[in-house]
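What follows is a set of notes on a single structure, which appears directly below.
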Amino acid sequence: MKSIHQIVLDEYFEPAAGRGVRVTLAFILPLIWGMVTHNMAPAVWISITAQILSNITIQGSYPLKLLILGGAVVACAVCGALGTLAGHHWLIAAFLMGALAFLGGFVRQSGNYGPGITVGVLLLYLLALDHPGNSALAGEMFVWILIGGILALLFTLLAWAFVPFSPFRRSIALTWKALADWLDAFEEVYEDVSSDKNPVTTLDEKELLLRNELNSSMELLSRKQALAHARQNRYSFRLVELRRMASEAGNSVSSLQAFDESARRYAGFPEELFHNMTTNLAQAARRIALSIITHRAEDIYAASLSIKKSKQSIALWQKETERQSLSALLSPMTESLDKLISVFEEAQTLIEKAIPSEGNMTFFLRNLLTGATIPQQVPWVRFEFNFRSFTFRFALRLALGMGIGVAAYKFFHIPHGYWIAMTVMIVQQPEFGATLKKAFRRMEGTVLGVITGTLIFIFHFPLPVNIAIVVVCSFLMTWYILRNYAVAAFFITIMVIALFHLIEPVTWLLGGIRLINTLAGCGLALLGGFAFWPLWEKYRFPALIQEAINANREYLGKVKNALEKGEKRSFNDFIKVRREAEMTNNNAFLSLRRMEQEPGREQHNLQQFYIITGHSVRITRLLNALNQQISMQQNPIPSPWVGGYSVYIDNLLKKTEYLFEDNILSKAQKTSVKNEIHETENIYSSPNYPKRADASTDTIATLLNKIAGEAIGMNNTTEEISSDAKKQRQED
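According to numbering that gives the first Met the number 0, the sequence shown holds residues 0 to 731 in order.
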């Protein structure tokens, strides 16, 4: 159970309560107006539309938000009118449902706003099917939904007006929060990450989550956009700089983890002090994240105190390593810690510059006027009409499932049968595992909601009590929708029953109908996910891990060139290749997480795939450590001996990549790659150790040896998979 303090802190990073209040107000005010004026029919449509569209998450500047939400309002109004016109004809209704769902499948995958818009448009079409009529009624439906959309637009814009930079600030703060979570994970009992039993550890997962947050933030506010906006307001550029610092701090933590894996084996390693140090660093990162969002002087001061405390804990740890005669062995870790704390101090200084010196109101007005001018790219929907496309297959499944649901509902005149197609729309996910999970959560919440709601409304409460129940359920539904879908479905069901109770007395029959229709919709969604053109992750993973291996090879090449030539390089020189390597590792890891949720027979080689991904993640981490070594060298000396190590490692990675490419390349390409590997495989079978011996050279050689070990482990596991596949083919 979270404390009140933790709930308040979480609200800064994910403002669910604020969204819940906005959505509930947009939902309940039209209902109150309808009761007072005895216009419940239009009030219900205005209310439902306002609730749906107020709940859409759109990140970006004002013009972009207005464009996307305005388009959603028009689309909802048009589809509501179409539903009214098509409601008399089951075949036309089903055909239009399939066409709209097919297009919605592409919109749903187009960004964070996609699911909300898709659900809103398709849901209003479904609800309108239950109220068929002529063109006059369709026109009224269009107007009612349009009014609801405008109401949602006004509520949302009113909320945005007070926080013009909030989406951008929050995206940057979340990168620092992810960094803090990664540092917190160092407290866990050390695991032998080279063991096949632990191919991907908690630390690895936290590292990948940081990269995911960095990528999301870059998509929202790029450096190019911030530079273009800097003349009007330098605040956007400062935010981008804070993100760069989070990335640089992540590089230091990655380097620290790479050295920590072997350092803990030294006798006398001060593990307790190390845990205390990483805990303090995590607290400092978390307070920096909070300062970025709030800009409150007390939060900034608390962050500065945490940084000072972290410096003291680092000094204590270094003093203990000296007492244990480990200073020389642990010097790379010391360098990483010094770099990390310097980045924290740099971030703290930049945040302090952002404190409004001209007064809070002037600061607010300046941000309000300039927050709308940040250049943003319109996230156009990409329609990939290719059967090999993952999105195209999902759109087909969604169209078929919802089309069948509507056909059954209209043809057999099923009471409230639109719930079948609505359940398909909500439960059907691009991946089968996610569909299965959502179906069970939907069923769990609906069953409990039906029982609870029907028991509650057997008693005839006064109108104010009924309205209060709707308000509470609307708020809690919005609060839990992204946290726990089963709980959200529970409150959605009670809210629906409460709304029906406003019109007519509720009996067990209504709850039973909703339960049966929901179960039918879940079954149809599961059938669609399993039988209608699924694309299992075991077929997607080889291409994803191949991209990760290739990205590591590019990263290795960049590092090799800098070391061989003795060139002075900064952190920024490696950002592009490092980001690509970390991003592709994250994509491969997420693919395996999805594979875990698929049927057992589709999880072939899952453990080996995890082992290979773990090797790839650790290779990137070790390259990050080399990256930091290069960046910290004041007078770099050419190291031609690095070429031998690099070619040897690259050859191992190339062989692994080839084994995964086996089903992708043409025969001519396979022959070319085989020849290339054969020509180089014996040149550097045993790389020569450098003649010059100093601390920096020893560190670099140690890191390269570790990378070679990871590459060998990856290659051996891949060859094992390939050998098993050949045996299976021979047996077949």
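Even for Gly, the Cβ is constructed at its ideal location relative to N, Cα and C.
Cβ neighbour criterion (16 or more within 10 Å) applied to residue i
{"i": "Thr506", "result": "exposed"}
{"i": "Leu150", "result": "buried"}
{"i": "Asn714", "result": "buried"}
{"i": "Gly819", "result": "Absent from the model: residue 819. The displayed extent of the chain is 0 to 731, so no value can be given."}
{"i": "His500", "result": "buried"}
{"i": "Gly712", "result": "buried"}
{"i": "Ala327", "result": "exposed"}
{"i": "Trp143", "result": "buried"}
{"i": "Tyr265", "result": "exposed"}
{"i": "Glu597", "result": "buried"}
{"i": "Gly448", "result": "buried"}
{"i": "Tyr538", "result": "exposed"}
{"i": "Glu709", "result": "buried"}
{"i": "Lys64", "result": "buried"}
{"i": "Thr716", "result": "buried"}
{"i": "Gly104", "result": "buried"}
{"i": "Asn585", "result": "buried"}
{"i": "Gly599", "result": "exposed"}
{"i": "Ala92", "result": "buried"}
Best match in the options for proximity to residue i [C-alpha to C-alpha]
{"i": "Phe268", "options": "Leu289, Arg381, Arg322", "result": "Arg322"}
{"i": "Leu652", "options": "Gly556, Gly599, Ala561, Leu475", "result": "Gly556"}
{"i": "Ala16", "options": "Ser569, Ile480, Asn715", "result": "Ile480"}
{"i": "Leu153", "options": "Asn560, Val22, Val43", "result": "Val22"}
{"i": "Ile450", "options": "Gly432, Trp418, Phe490, Ile413", "result": "Phe490"}
{"i": "Leu315", "options": "Leu349, Phe273, Ser261, Arg168", "result": "Phe273"}
{"i": "Ile512", "options": "Phe531, Ala524, Thr492, Gly527", "result": "Thr492"}
{"i": "Phe12", "options": "Leu498, Arg381, Ile457, Ala177", "result": "Ala177"}
{"i": "Lys559", "options": "Tyr417, Gln628, Ala420, Ile292", "result": "Gln628"}
{"i": "Pro29", "options": "Asp572, Pro504, Val469, Leu621", "result": "Val469"}
{"i": "Arg441", "options": "Ala580, Ala433, Val426", "result": "Val426"}
{"i": "Gly70", "options": "Phe141, Asn54, Met96, Ile116", "result": "Ile116"}
{"i": "Ser235", "options": "Ala179, Ser170, Ala257", "result": "Ser170"}
{"i": "Glu546", "options": "Val252, Pro504, Phe659", "result": "Phe659"}
{"i": "Trp640", "options": "Gly249, Ala700, Glu595, Tyr112", "result": "Ala700"}
{"i": "Ile706", "options": "Asn634, Arg552, Arg243, Leu238", "result": "Arg552"}
{"i": "Ile146", "options": "Ser53, Leu202, Val106, Glu212", "result": "Ser53"}
{"i": "Lys223", "options": "Arg593, Arg210, Leu238, Asn211", "result": "Leu238"}
{"i": "Gly520", "options": "Ala92, Lys437, Gln607", "result": "Lys437"}
{"i": "Gly527", "options": "Val646, Ile457, Leu435, Trp418", "result": "Leu435"}
{"i": "Pro504", "options": "Gln727, Met34, Ala92, His459", "result": "His459"}
Backbone CA spacing between residue i and residue j [nearest angstrom]
{"i": "Asn465", "j": "Ala172", "result": "40 Å"}
{"i": "Gly119", "j": "Gly565", "result": "58 Å"}
{"i": "Ala127", "j": "Met276", "result": "60 Å"}
{"i": "Ser215", "j": "Gly132", "result": "45 Å"}
{"i": "Val199", "j": "Ser309", "result": "28 Å"}
{"i": "Val486", "j": "Met476", "result": "8 Å"}
{"i": "Leu208", "j": "Pro114", "result": "22 Å"}
{"i": "Glu218", "j": "Leu99", "result": "28 Å"}
{"i": "Leu102", "j": "Ala394", "result": "7 Å"}
{"i": "Phe389", "j": "Pro429", "result": "8 Å"}
{"i": "Met494", "j": "Ser473", "result": "7 Å"}
{"i": "Thr83", "j": "Phe141", "result": "9 Å"}
{"i": "Trp44", "j": "Pro414", "result": "19 Å"}
{"i": "Cys78", "j": "Tyr300", "result": "53 Å"}
{"i": "Arg381", "j": "Arg387", "result": "15 Å"}
{"i": "Ser46", "j": "Met39", "result": "10 Å"}
{"i": "Leu182", "j": "Trp175", "result": "11 Å"}
{"i": "Ile496", "j": "Thr453", "result": "7 Å"}
{"i": "Val377", "j": "Ser109", "result": "11 Å"}
{"i": "His412", "j": "Leu523", "result": "18 Å"}
{"i": "Glu443", "j": "Phe431", "result": "18 Å"}
{"i": "Gln256", "j": "Glu601", "result": "34 Å"}
{"i": "Thr679", "j": "Lys338", "result": "Note that Thr679 scores a pLDDT of 45, beneath 50, so its modelled location is shaky; the value from the coordinates is reported in the next line. Their Cα atoms are separated by approximately 38 Å."}
Minimum Cβ-Cβ distance from residue i to chain B less than 8 Å
{"i": "Cys75", "result": "Among the protein chains of the structure shown there is no chain B, as only one such chain exists."}
Could I get the ranges of all uninterrupted alpha helix (DSSP H) runs contained in the stretch 436-497, with 4 residues as the minimum, in chain order?
-> The stretch 436-497 contains these whole alpha helix (DSSP H) runs: 462-479.
Which ranges does the alpha helix (DSSP H) cover as unbroken runs of at least 4 residues, wholly within the stretch 133-186, from first to last along the chain?
-> 134-160, 165-183
Go through the stretch 45-111 residue by residue and report every complete run of the alpha helix (DSSP H) that reaches 4 residues or more, in order.
-> 61-85, 89-107
What are the uninterrupted segments assigned as beta strand (DSSP E) that are 3 or more residues long and contained completely in the stretch 568-621, given in chain order?
-> none
Can you list, in chain order, the stretches of the alpha helix (DSSP H) that have 4 or more residues and sit fully within the stretch 285-332?
-> 296-322
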